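Residue numbers (this note's numbering), protein chains in the order written: chain A, 138 to 390; chain B, 4 to 245. We put the beta carbon where it would ideally sit given N, CA and C, even for glycine. These numbers come from a predicted model, not from an experiment.
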C-alpha cells in the first residue's frame, strides 16, 4: 500500500501541487487523472523520488520514502517497477537484455534462471519470439508491453504507469489497459496509473483520484465518476462526444 | 560558477552508492572499444599528416646553412611529444568522442532512460558516466602514444620522399638530445585531457533538458567546453611541469 499525505511542490514561484493526500491499495488499479498540466506527472515523480516534494510524506507499506536515507530509499526503489510514457527502453539493448536488465543489476540469479524469468514475463505480456529484436524494430504497443515486462520482471510490489496509452491506437490502448489490470490482480501489485484517457478510467479505474490545478478535487471509483457532482470533473469526463452521448442516454433513462 | 559547482557535485555523485565493481568491468571494456578503437582511424590520419606537414614546414623555415638538417626531425619529435600528439589529438577526441558521449546521454535523459535507471534504484550518474570516463582514461593515452609514433613516422616519410632530409639524418635527429621526461609529460597531459573531455561531455549530456534540439546543443557545448578546458589545462600543465 502507498500512502501520500500533504504533498506540495512548486517550481520557482509557481506552485504545482497543493497538499495532495491519498491511499493507493494493492491489488487494484489506482488512477490519477486530470487535464494536461495539472500536476499528475509531477505527483508521480514525487512519489518515486525523481522530484523531491517541498512538503509531505510518501509511505510505502509504512516505510517513509521521503525522509528515508539513501540506502533505504534505494531498497524501496528496487521494489518499484515503472512504465514510462515512451516506454524508456534502452536503445542499445535488445528486448531480452532490456527485460533482463533489472535482474542483472539487482539480483544474483543464475543466467538460466534469469532467462526463464524473462521468457515468462514476455509471454505474460503477450510477446514471444521478439527476444533479439531491438527497440527501434518494435511498434508503440510492443514497446509498452516490453516496458511492462521490464517493470514486473523483478517481482515488483509497486507498479507506476505514466500515461501508458499515449500514442497508441484505441484497440492497442485497451489491450494495454487490460494487461495492466490483469497483472495488478494476478500479482497483487499496488498499481498507480497516471492518465487523462477516459477509456482507461472506465475500463480499469478501481480507485480514481482527480486532480485539478494541483489540487485533489475528487476521489472514487469508475462506477461513481459519471455521477460525481464536481463541475470541473464533469467538464473533464464529458469533454468528448462519446462520453457526452453516454450522459445523454443516461439522462434519457 | 553555479555550473562549475554542479559539475563537481556530478563528479561526486558517481562515487556515492555506486554499483558493485563487477558491473563496471564489462561496461568499461565496451566503452574502451567504442571510445578507443573507433577513434583510431581519425587519430591515425590526423597525426600522420600533422607529422608530415610539420616536417615540410620546418624544413621550409630552416634556410640557414649553419643549421644542420637533423634539427628538422628534432623539432618534429619535440613538437609531437610536447604538443601535437596530446593536444591536437585531444581536440579531435573532444569533437568525436565528446559529442558522441553528450549526445548519447542527452538522448537517454530526454527519453526517460536515465529516470528508468533511477527508479530501479541504480545510481545513473555512476552507471552511465563512470565507465565512459574510465574507458577514456585507459584508451586516450594509448591513442596519444600511437599518434606520437605516427606523427614522427609521417615526418620521416614526408621528409625522405621529398628529400628535404635523408633517412640517416632524420633518425639521428629524433635521437639527438632526447629528454625522456617529455614522454612522461605527454602522458600526464593525456590523462588530464581524457578526464576533462569525458567528464565534461558526460556532465553536459546527463543534465540535458528539453528535446532533440537541446541534445544537439548539449553536444556542441560539450565539445566547446571540452576544448576550452583542454587548452587551459595545457597551459597550466606547461607552467607547472616544464
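Asked	Found
Close Cβ partners of residue 339 (chain A) (< 7 Å) along its chain, the five nearest in sequence each way excluded	359
Contact with chain B by residue 226 (chain A), beta-carbon distance below 9 Å	yes
is_contact[residue 55 (chain B), chain A] using C-beta, thresh 9 Å	no
Alpha-carbon spacing of residue 231 (chain A) relative to residue 156 (chain A), whole angstroms	41 Å
Rounded Cβ spacing between residue 190 (chain A) and residue 326 (chain A) (contact assumed at less than 8 Å)	Their Cβ separation, rounded to whole angstroms, is 23 Å, which puts residue 190 (chain A) and residue 326 (chain A) out of contact at 8 Å.
Interface partners of residue 176 (chain A) on chain B, CB under 7 Å	None at all; the shortest Cβ gap to chain B is about 17 Å.
Residue interval of the alpha helix (DSSP H) (run including residue 312 (chain A))	307 to 324
Proximal residues to residue 288 (chain A) (C-beta, below 7 Å), its chain only, five neighbours per side dropped	218, 219, 220, 296
Amino acids of chain A, ordered along the chain, whose beta-carbon sits closer than 8 Å to that of residue 20 (chain B)	207, 208, 211
Start-end ranges of the beta strand (DSSP E) lying completely within the stretch 142 to 222 of chain B, minimum 3 residues	none
C-alpha gap between residue 226 (chain B) and residue 215 (chain B), whole angstroms	17 Å
Chain-ordered neighbours of residue 187 (chain A) on chain B, where CB pairs are closer than 8 Å	118, 121, 122
Coil, strand or helix - residue 375 (chain A) by DSSP	coil
Inter-residue CB distance, residue 95 (chain B) and residue 45 (chain B) (contact presumed, cutoff 8 Å)	6 Å
Residue 195 (chain A) - partner residues in DSSP beta bridges	A:141
Neighbouring residues, chain A, relative to residue 115 (chain B) (Cβ below 8 Å)	221, 222, 223, 225
Whole-number beta carbon distance between residue 55 (chain B) and residue 161 (chain B), since they are thought to touch under 8 Å	4 Å
Cα-Cα separation between residue 175 (chain B) and residue 157 (chain B), rounded to whole angstroms	16 Å
Residues that residue 125 (chain B) contacts on chain A, provided the C-beta gap is smaller than 7 Å	242
Distance between beta carbons of residue 305 (chain A) and residue 282 (chain A), contact taken as under 8 Å	The Cβ separation is near 11 Å, so there is no contact.
Residues sharing a beta bridge with residue 151 (chain A), DSSP	A:148
Residues that residue 214 (chain A) contacts on chain B, provided the C-beta gap is smaller than 7 Å	122, 123, 124
Residue of B:132, B:19, B:63 minimising C-alpha distance to residue 206 (chain A)	B:19
Expected contact under 8 Å - CB spacing of residue 153 (chain B) and residue 47 (chain B) to nearest Å	6 Å
Paired residues, beta bridge with residue 166 (chain A) - DSSP	A:328
Chain-order list of residues whose beta-carbon lies under 8 Å from that of residue 22 (chain B) (same chain, five-residue window excluded)	125, 126, 129, 130
Cβ-based neighbour list, residue 61 (chain B), same chain, cut-off 6 Å, excluding 5 preceding and 5 following	75, 78
Cβ contact check for the stretch 244 to 256 of chain A and the stretch 309 to 317 of chain A: 3 or more pairs under 8 Å	no
Simplified DSSP state of residue 282 (chain A), which is helix, strand or coil	helix
Interfacial residues, the stretch 295 to 329 of chain A to chain B, with Cβ spacing under 8 Å	297
Close-in-space but distant-in-sequence residues of the same chain around residue 380 (chain A) (CB under 8 Å, 5 per side omitted)	335, 374
Beta-carbon separation (whole angstroms), residue 118 (chain B) vs residue 192 (chain B), contact threshold 8 Å	With a Cβ gap of about 37 Å, residue 118 (chain B) and residue 192 (chain B) do not count as contacting.
Beta carbon of residue 143 (chain B) nearer than 9 Å to that of residue 194 (chain B)	yes
Partners in chain B for residue 239 (chain A), counting only beta-carbon separations shorter than 8 Å	123
Buried versus exposed, by CB contacts within 10 Å (16 or more), residue 366 (chain A)	exposed
Where the alpha helix (DSSP H) containing residue 356 (chain A) begins and where it ends	Premise fails: residue 356 (chain A) lies in the beta strand (DSSP E), 352 to 357, not in any alpha helix (DSSP H).
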